[in-house]
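What follows is a short report on a single structure.
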Amino acid sequence: MSTTINTMLVEKRVIHPPAEFSAQARISSMEQYQALCEEAEQNLEEFWRNMAESGLEWRKPFTKVLDDSNAPFYTWFEDGELNVSENCLDIHLKNGNADKTALIFEADDGSVETVTYRQLHARVCRIANGIRALGYGKGDRAILYLPMSIEAIAMMQACARLGLTHSVVFGGFSARSLHQRIVDVGARLVLTADAQMRGGRQIPLKAAVDEALAYEGGDVVEKVVVYQRTGADINWEEGRDVPLSELETGQSEECEPVAVEAEHPLFVLYTSGSTGKPKGVQHASAGYLLWAKQTAQWVFDARPEDVFWCTADIGWVTGHSYITYGSLAAGLTQIVFEGIPTYPHAGRFWEMIQRHGVTIFYTAPTAIRSLIKASEQSPEHHPSRYDLSSLRLLGSVGEPINPEAWMWYYENVGGSRCPIVDTWWQTETGGHILTPLPGATPLKPGSCTLPLPGIDAAVVDEAGNELPPGAGGLLVIRRPWPAMIRAVWGDENRYRSSYFPDELRGMYMAGDNAQRDEDGYFWILGRTDDVLSVSGHRLGGTEIESALVAHELVAEAAVVGRPDATTGEAIVAFVMLKQAAPSAEEAQKVAETLRNWVASQVGPIAKPKDIRFGNNLPKTRSGKIMRRLLRLVAEGREIDQDTSTLENPDVLKQFSGVY
Ligand code: WTA
């Protein structure tokens, strides 16, 4: 049960896919992988054309694969038409899988509800017909603010069926954040629930929607559909609010899918960048779905009998690609879980794998690390106490997985028999980019290994020159791919400046630092910007700073991440108040006030763990806050770096108190 493994030994270790796994895998050898890479290399358009023709059902076939005449604005399969929901549901009704289980929903309290592909299709059609009856259709935008549920997935699919562009907002975001997204995307419709259940607690959702719509500009929303999940007592706005049950009543279980152009925006998902305002990452329909499906098949080696469990929330891209879209398109049976890994006890995940016979388990390093800790504290919930023999493949996503956690996961959860796919990708990439193929790629704990076929990834210096093995630099993707981000909603300049800076001459800049080893394997070193990863959630440091300075007591603030053994990174805020730095006793109170304030402005997930007060912030002579120094202070390390450009070196000493 020990978790202390020598990191150096682990890093050098190479773990080969088990022969039994490879023998049955879709991609079963490195030769097969390399052949696919070469095929893409030799004729990129032909490679994607074949995949799109065989992988998707088209209403109108495309003739053109890629249009790069307006780079970096690319279009894919532009003159083709299809419907995403038809490709996720109807295809299975036609191919004899109508009665296959699509979703196994397990609620927070352990109750289970199952739907087949036929039943899910019927539910999606009823909801889509109801949404259409309210007067919405192709080109409209809907905001979804929902708990993990069959209903949430059905509502996303219903939007796709009608050609409505959806934007899902994670339930952990506040009314303010919700409002910002509603206004930015111009949503006329909101789909929400009365409340959600997490860890035995009821957390209101509809109340936040009411608050968001009361802020300036919130009146763009005409209708709010409410899924009554808990039956909580909520406010009803006559004429605006519609119960989901009423929306579905009397609606037909057939709804003709609306054919949309390949480039029609399927969804906009807001994510953090380096300014205070989240970016609306806009994805197209065909290219996105194609890659979500193809990667589900390749990377999860999807087989008809698999029971797949991705523990992500639909509020993040992982839940979009590997719950709602890619895995349904691939015809998988999936677990959908409402609750949290530690309720009612720390063995919940393992118990669920055993109960449902899960074969593929995909989660985040932060969950693994917290369960390592929990199972040390309560050994009765250690994975070895459960029957996990149904598992054949494990996955990891969202942040680098440290080799110790990798080995623990491999040995204790996978019984040293299941390959681990450490999948590197982003909201912007739409699907996996750097990842092992489980039947082929030799694994190195801590490395997301190699690019998928068709993906031209590299590590370059700031002028775009490729770096040799062992040198850290910028992670880039040099050729476009179908699932790539199409736009930052309503902001062309931001799309260019964030992802295609001039110096890199057309390469997509991921915003991560990375290095490759002698075998060409990629090792992710962390972000190049102020984006933080806290419990696998992507948060903008600048966004939290903006929230802090919006408080009446605060003059200036800087937010950095410090490594945290469980959550990956912890948020540390350096705050200069308008009045003199507070006494220790006051500081405690002010810190609590500011934490609650950040929770109300951004969301509870963005609350700073540590707050430190000073009379100024360390700045260069040109007035730029020196975050690299603050990072050292946050970690409690000696300042051994050059501080000669610092205008006010004494200021660093003030931040000793942690609140
Ligand atoms: C980080 C999540 C290391 C990375 C799918 C990226 C990872 C950001 C990995 C995107 C991984 C994601 N190894 N780092 N396997 N996967 N990241 O948009 O910094 O929420 O840029 O998408 O998470 O986060 P996002």
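Numbering (the numbering used here), first residue to last: 754 to 1412. Think of the CB as a built atom: it goes at the ideal place given N, C-alpha and C, for glycine as much as any other residue.
When the beta-carbon positions are compared, THR1176 and VAL1150 come within less than 8 Å of each other. Secondary structure note for LYS976: its beta strand (DSSP E) is the uninterrupted segment 976-980. Under the three-pair Cβ rule at 8 Å, the region 1010-1029 counts as touching the region 888-905. Relative to ligand 1, even the nearest heavy atom lies 7 Å or more away from the CB of CYS912. By alpha-carbon distance to ALA1117, the top candidate from TRP829, ALA1065, TRP801 is ALA1065. Counting other Cβ atoms within 10 Å of its Cβ, ALA1323 reaches 16 or more and is therefore classed as buried. Residue LEU942 holds the alpha-carbon nearest to the alpha-carbon of ASP972 among ARG982, GLU1001, LEU942, ALA948. Between SER838 and GLU1091, the C-beta gap is not smaller than 8 Å, which leaves the two residues out of contact. Scanning its chain for C-beta atoms nearer than 7 Å, with the 5 sequence neighbours on each side dropped, one finds around THR1319 the residues THR1119, ARG1122, SER1123, LYS1126, in chain order. The nearest non-hydrogen atom of ligand 1 is less than 7 Å from the C-beta of ALA1263. Rounded to the nearest whole angstrom, the C-alpha separation of ARG929 and LYS959 is 13 Å.
Closest in C-alpha terms to GLU834, from the list GLY1273, GLU806, PRO1361, LEU1141, comes GLU806. Here the C-alpha atom of TYR1248 lies approximately 19 Å from the C-alpha atom of GLU1215. At a threshold of 7 Å, GLU1152 counts as near ligand 1, since its beta carbon sits closer than that to one of the ligand's heavy atoms.
One alpha carbon belongs to HIS1185, the other to PHE1366, and they sit about 41 Å apart.
In this structure, DSSP gives PHE1020 an extended state, which the three-state scheme calls strand. A distance criterion of 7 Å places the beta-carbon of TRP811 beyond contact range of ligand 1, judged by its closest non-hydrogen atom. Given a length threshold of 3 residues, each whole run of the beta strand (DSSP E) inside the region 1029-1108 is given here in chain order: 1032-1037, 1060-1063, 1086-1090. Annotation for ILE1113 indicates a beta carbon at 7 Å or more from all heavy atoms of ligand 1. DSSP, reduced to helix, strand and coil, places PRO1189 outside both helices and strands of the structure shown, so it counts as coil. For the pair GLU964 and GLN933, the Cα-to-Cα distance works out to about 12 Å.
For ILE780, DSSP records no beta bridge to any residue.
In the DSSP assignment, ILE1125 falls outside any beta strand (DSSP E) and within the unbroken alpha helix (DSSP H) covering 1118-1130.
Counting only residues of its own chain and dropping the five nearest sequence neighbours on each side, GLY1029 has a CB closer than 6 Å to the CB of THR1295, GLU1296, SER1299.
In this structure, the CA atom of ALA1045 is about 34 Å from the CA atom of VAL1312. Inter-residue distance for LEU887 and CYS1008 is about 15 Å (C-alpha atoms, whole angstroms).
For ASN803, the uninterrupted alpha helix (DSSP H) run begins and ends at 797-808, by DSSP. Excluding its 5 nearest sequence neighbours in each direction, GLY1040 has C-beta neighbours in its own chain below 6 Å: TRP829, PRO1235, ALA1236, listed in chain order. Counting along the chain, VAL938 sits inside the alpha helix (DSSP H) bounded by residues 928-938.
Between the region 1369-1377 and the region 1347-1360 there are fewer than three inter-stretch CB-CB distances shorter than 8 Å, so the stretches are not counted as touching.
Segment contact: the region 1081-1100 against the region 1045-1061, three or more CB-CB distances shorter than 8 Å; contact assigned. In this structure, LEU789 places its C-beta atom within 8 Å of the C-beta atom of PRO1206.
Distance from ILE1238 to MET1260 at the Cβ level is roughly 14 Å; contact not present, criterion being Cβ atoms closer than 8 Å.
Within the region 872-934, the complete beta strand (DSSP E) segments at least 3 residues long are 894-898, 918-921, listed from N- to C-terminus. In terms of side-chain proximity, the C-beta atom of VAL1070 is found nearer than 7 Å to a non-hydrogen atom of ligand 1. About 7 Å separates the Cβ atoms of ILE1067 and MET909, confirming a contact at the 8 Å cut-off.
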